[in-house]
Every structure is written in C-alpha cells, then in structure tokens.
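Numbering (the numbering used here), first residue to last: 1282 to 1749.
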Amino acid sequence: MSRRPLGSIDSNQAKRPTFTKQKDKQPWSLFERSSSTHHSSIMNRPLSRKKSSNKSKQDSKRRKSEFTVKADDLPASEQTSVDLPVVNAPIGVLHDDIIYLILSYCADIMTLNAVSGVCKRWRSIATDPWMWRSLDTNWDAFANHMERLTSYESIPSMDITNRRLDVNRTCWRRLGHIRSLYLNDPSNAIGGTLVRLGRQSSPFSQLRKLQLDGLYFVSILNLISWTSQLQELDCRDIRTTPPHSFCLSFFSTHKLKHLKKLRLQLQVPNCHIASLVGGGLLPESLTSLAIHNLYDPEEQSVLSGLEGNVSLQEWNSANTMLIDKYRPFRKLSRLTSLALCSCKSYTAQLIRQCFIPCSAHLRTLSLSEWDGGLEPPALLEEGGRRHGWEEDALYATDLSAENALADWLASMHEIRAIELTRFRCGQGLLQGLGRLERTYTVTMEGKEVKLADMQGIWLNDTRIAFSR
1282 MSRRPLGSID
1292 SNQAKRPTFT
1302 KQKDKQPWSL
1312 FERSSSTHHS
1322 SIMNRPLSRK
1332 KSSNKSKQDS
1342 KRRKSEFTVK
1352 ADDLPASEQT
1362 SVDLPVVNAP
1372 IGVLHDDIIY
1382 LILSYCADIM
1392 TLNAVSGVCK
1402 RWRSIATDPW
1412 MWRSLDTNWD
1422 AFANHMERLT
1432 SYESIPSMDI
1442 TNRRLDVNRT
1452 CWRRLGHIRS
1462 LYLNDPSNAI
1472 GGTLVRLGRQ
1482 SSPFSQLRKL
1492 QLDGLYFVSI
1502 LNLISWTSQL
1512 QELDCRDIRT
1522 TPPHSFCLSF
1532 FSTHKLKHLK
1542 KLRLQLQVPN
1552 CHIASLVGGG
1562 LLPESLTSLA
1572 IHNLYDPEEQ
1582 SVLSGLEGNV
1592 SLQEWNSANT
1602 MLIDKYRPFR
1612 KLSRLTSLAL
1622 CSCKSYTAQL
1632 IRQCFIPCSA
1642 HLRTLSLSEW
1652 DGGLEPPALL
1662 EEGGRRHGWE
1672 EDALYATDLS
1682 AENALADWLA
1692 SMHEIRAIEL
1702 TRFRCGQGLL
1712 QGLGRLERTY
1722 TVTMEGKEVK
1732 LADMQGIWLN
1742 DTRIAFSR
C-alpha cells in the first residue's frame, strides 16, 4: 500500500496530463474544477427521455429537498454560503480524474494488475503510464511477481483470493514506466530473490529512485543487477547475516554508474571490510553519500596505538589498511552532502589523503564518534618511548588527527551546515571553523551555545549553521 497520506498530492500527480470528457470532448482537470460544479453536473444529468408528469416532478423536487444540506445545519467551521446537494454517487459515475486519484493511494504492482481486470474503463486507467510512475509494494510479493513474469510463456490463471494476479507480457512492458519504487520486507526471514536476467534486458528502463526498507543485503545486491539506471538508492534497516560484515565495493561504478545519491543504514552495527578484489570504486557521479551503523575493525589497533599498547609497525599496518579501504572517496569530487557514522579510527593521513580531496563542494557534513586524537608530545610520554618510537617517526605518521581535522574543515568553502553526534570538541574543530572566516551559530540539543566554551566536552545533537 502507498505510504502517501490521504489528501496529499505529490509532484508526479501534479504533472499528470488532463483527460477529456466523453460527451463534450472538453478537457478539464480535477484540480481546476470545484466539487460543487461536479456535483451539480451529476444532479442535472437527465435520468429519462420520457416527459415527466407533474406528480413525478413534485416527487423529484421533494426528494431533492430531502437530500439537500442547509448551511445552517452544518457546524460553524463547515458552513458555506451555498447549499450543496448530497448525491449518492457510486464509483462507476465518477470522472476518470477521480478514479486516478483514488487508485493512486493504493498504487502497487499487484493492485494495479487486479484492477485492470475489472472492466475496460478501469483497465485503461490501471495501465496508464502515469499510474506506474511511483509504486509501493512488499518485497516478497514483488519477487514472486517478477519470477512469474520471467517463467510463464502464456497467461496464467487468476486467483483473486490469494492475490495471484493475471500477468502477461504486457505487464513486463508496464514495468518500464516505473520511475520511483519503494520495497519493504516486514518479515523476519530472508526474503525471496529475483531470478537472473539471463539474455533478457531489465524492464526497469526508467527507474531512477529506489527506496528499500528492511531488506537483506543479499536481496539488495540481487536487485541492483536489475536497476543499473538508478540515480537515487536509499537503503534503510539493512539486514545482514553473521558475521555481519559489509563492503562498499558492491555499490561500485560498474554496477551503478549513474548513481547520484546513496544512503546505507544498517539495522545493527556491521564491520566495514575492504574489497578482496581490486578496484571497486564508488560512482564518481555521487553528490550525496550517507553511511550509518558501520565501523572499521582497524579502530582497535589505532586506539591501542594512541595508548601505547601496540608497536609502530602494527599501527602503521592498520593505518595503511584504512587508507586503502577509503581510497575510492578521493574520486568523489562532486559530493555536496556527506554523512559518516564512526570516526574513531580516522587518522591524520586518512583524512588528508581520502576525505579532503572530496570535500571542496560539501554543503552539509555529518560526523559521529570522534574522540579527537592525542597530540604527539603526549604520545611520546605515555607510550611512544616505551616501544622505542622516535619523535621524527611520530611526526612522519602524523598522529595529530586534530590538525588534520582543522585542515579538513578549512577546505569546505561551500559548507552550510555541520551536524555532530558524540563528537569531542577539540582544537581541530575550533581552529578549522576559525580558518573559514565565516559567521555561524551553534545549537546543541535545541539550545544555542558558544563553541569556545565547549572545548573538551562531548557534543551531542549539535548543529553548526553557517550564514550565506
């Protein structure tokens, strides 16, 4: 069922072409004609060609007066200056525009196919390309439906009770009109999977926006092969199976080369692993990227290095793995929005080599889990000397992540808003914002604060808004 609230009109509905009345051939739109005019046209419609007698006229006048609502009978908030007749109007006498609007609130693939079997008029409405522009449906039903479309050569039987719909090759062509598709999976078991395309081309030639809710990661990967023309992919509550690992290379440029917006929100924390195969670059066309509930396994080695519990060689190894994993970010020069969920493992080299190159056009930035790295002198005293680290080696690896954070923020000349969650306010944040030389306001948990007074404090639900 559709998620649009009753009474709302989206942009797709507003752009639908008007339709023509069958009698007078005069085009008119639902949104340009008042309801009173429509009711009046129904009341004035002749019911019989025979000349009515005086008695029948009196009965008709009496019935009309009985079914007329006076303005005085309505609540004050609903009173109007015109008395509106109450008409018993079955769905069969409604204009096509009304039928379109009603069916748009239950626009899913199965419903539209069922409606198309009611009558010739409803079939013409249910098969109109405008009705297929934006659809909502269940993942299991969608997968089963697609399997039948690719399996049957002839028209199968219809089973209305189980919503097993009458499908044929024309339905395959209807899928080509879908531009926005929402799929959800409320079940706890792994959902169905789409059959392989084989030699068949994908029917979703115009699909540009795909929103998935509660699907398993394997189902998402299976679906991507059918939707290579996507521009927006929004995956929420992604389910994974143990050991709960996740790799961004599955959304690489050779699979989704036209992708502009990508949002990945996992249901439980997952381990962000590197691609085992070379390449795996994210689409360079990306303008918006959001990653939630994904952490780096290398963060344990990085944090242990800050505490002096690992050798310099082990720390450098973890740092190198991080840089290799995030190297695809360097090519995302068109990014205007970036959201990163876990910054605990971000080293100075990682920030400078991977994140600064893609941040020149950022307008919104969201960061979480930043504890602000220690400065090199403290590292020398607490752990560096214990492992024989030298000062030059420390500065060569550039453990001062706060300085790198300042350089990162200072490179965002088009930034408009920064959102921080569980973020420790340090010198990097203060210096970076100061180097931007722009005025800004800071609100934390809905209250305006001075950032200079928050140094060393953990920031939660904090928003920094810049003046244009």
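Heads up, the beta-carbon is just placed ideally off N, CA and C, and yes, glycines get one too.
Can you tell me whether DSSP reads residue i as helix, strand or coil?
i, result
"Y1386", "coil"
"M1735", "helix"
"H1426", "helix"
"W1651", "strand"
"E1579", "coil"
"I1572", "strand"
"L1543", "strand"
"S1402", "Before going on, a small fix: residue 1402 reads as Arg here, not Ser. Looking at R1402 - three-state DSSP - the assignment turns out to be helix."
"I1745", "strand"
"Q1548", "strand"
"L1393", "helix"
"R1615", "coil"
"Y1433", "With a pLDDT of 48 at Y1433, under the threshold of 50, the modelled position of this residue cannot be trusted; read the value that follows with caution. Coil, per DSSP."
"L1563", "coil"
"Y1381", "helix"
"Y1627", "coil"
"R1716", "helix"
"L1375", "coil"
"L1621", "strand"
To which residues of the same chain is residue i closer than 6 angstroms at the C-beta, ignoring the five residues directly before and after it?
i, result
"I1738", "C1706"
"R1719", "F1747"
"F1498", "I1519 and T1521"
"E1700", "S1647 and R1744"
"L1537", "L1511 and P1564"
"A1733", "none"
"I1554", "S1526 and C1528"
"R1544", "D1515 and A1571"
"R1615", "T1568"
"K1542", "E1513 and S1569"
"E1695", "H1642 and R1644"
"G1495", "N1465, D1466 and D1518"
Can you tell me the Cα-Cα spacing of residue i and residue j, whole angstroms?
i, j, result
"I1290", "I1383", "Because the pLDDT of I1290 is 41, which lies under 50, any placement of that residue in the model is unreliable, and the number read from its coordinates should be weighed accordingly. C-alpha separation (whole angstroms): 12 angstroms."
"R1633", "F1610", "11 angstroms"
"A1407", "Y1386", "13 angstroms"
"M1693", "A1685", "13 angstroms"
"V1723", "L1570", "24 angstroms"
"S1334", "A1388", "Its pLDDT being 47, under 50, S1334 is placed unreliably in this model, and the coordinates cannot settle the point."
"F1531", "L1504", "12 angstroms"
"D1421", "L1567", "30 angstroms"
"P1638", "Q1548", "30 angstroms"
"N1394", "I1380", "15 angstroms"
"A1629", "L1711", "17 angstroms"
"M1725", "A1691", "22 angstroms"
"R1608", "R1414", "37 angstroms"
"G1653", "K1731", "19 angstroms"
"S1346", "L1493", "Annotation note: pLDDT 42 at S1346 (below 50); position unreliable, no value reported."
"L1717", "R1454", "53 angstroms"
Ignore the nearest five residues each way along the sequence and tell me which others in residue i's own chain have a CB closer than 8 angstroms to its CB.
i, result
"Y1721", "L1714, I1745, A1746, F1747 and S1748"
"I1372", "I1380 and I1383"
Going by alpha carbons, who is nearest to residue i out of the options?
i, options, result
"L1540", "I1501, G1398, L1491 and K1728", "L1491"
"R1703", "F1485, Q1581, C1624 and L1511", "C1624"
"T1617", "A1687, H1642 and M1602", "H1642"
"Q1546", "L1529, A1555, S1556 and T1645", "L1529"
"Q1261", "E1683, D1421 and E1726", "Past the boundaries of the shown model lies residue 1261; the chain is included only from 1282 to 1749, so the question cannot be answered."
"N1741", "R1716, G1709 and E1650", "E1650"
"S1640", "L1613, L1562 and Y1463", "L1613"
"P1578", "W1507, Q1594, N1600 and S1592", "N1600"
"R1644", "M1412, R1697 and K1606", "R1697"
"S1461", "S1592, V1374 and F1485", "F1485"
"Q1709", "W1689, S1506 and K1728", "The sequence as given places Gly at residue 1709; Gln does not occur at that position. Per the Cα distances, W1689."
"T1392", "E1695, S1506, K1401 and M1412", "M1412"
"D1466", "K1728, I1501 and L1619", "I1501"
"S1598", "C1622, L1621 and S1626", "S1626"
If I measure Cβ to Cβ from residue i and keep anything under 7 angstroms in the same chain, skipping five residues before and after, which residues do I get?
i, result
"N1551", "T1521, H1525, S1526, F1527, N1574 and L1575"
"D1390", "Contrary to the premise, residue 1390 reads as Ile rather than Asp in this sequence. L1416, T1418, F1423 and H1426."
"P1410", "H1458"
"S1397", "W1403, R1404, A1407 and T1408"
"I1604", "Q1630, L1631, Q1634 and C1635"
Could you pull the DSSP bridge partners for residue i from this structure?
i, result
"K1728", "M1725"
"A1698", "T1645 and A1746"
"T1813", "No information on residue 1813 is available, as it lies outside the stretch 1282 to 1749 that the chain covers here."
"Q1492", "Y1463 and D1515"
"S1526", "C1552"
"L1740", "F1704"
"Y1607", "Answer is none; Y1607 lacks a bridge partner."
"R1520", "Y1497"
Considering only heavy atoms of the ligand HEM, does any lie closer than 7 angstroms to the CB of residue i?
i, result
"L1613", "Because no ligand of any kind appears in the structure shown, any question about the ligand HEM cannot be addressed here."
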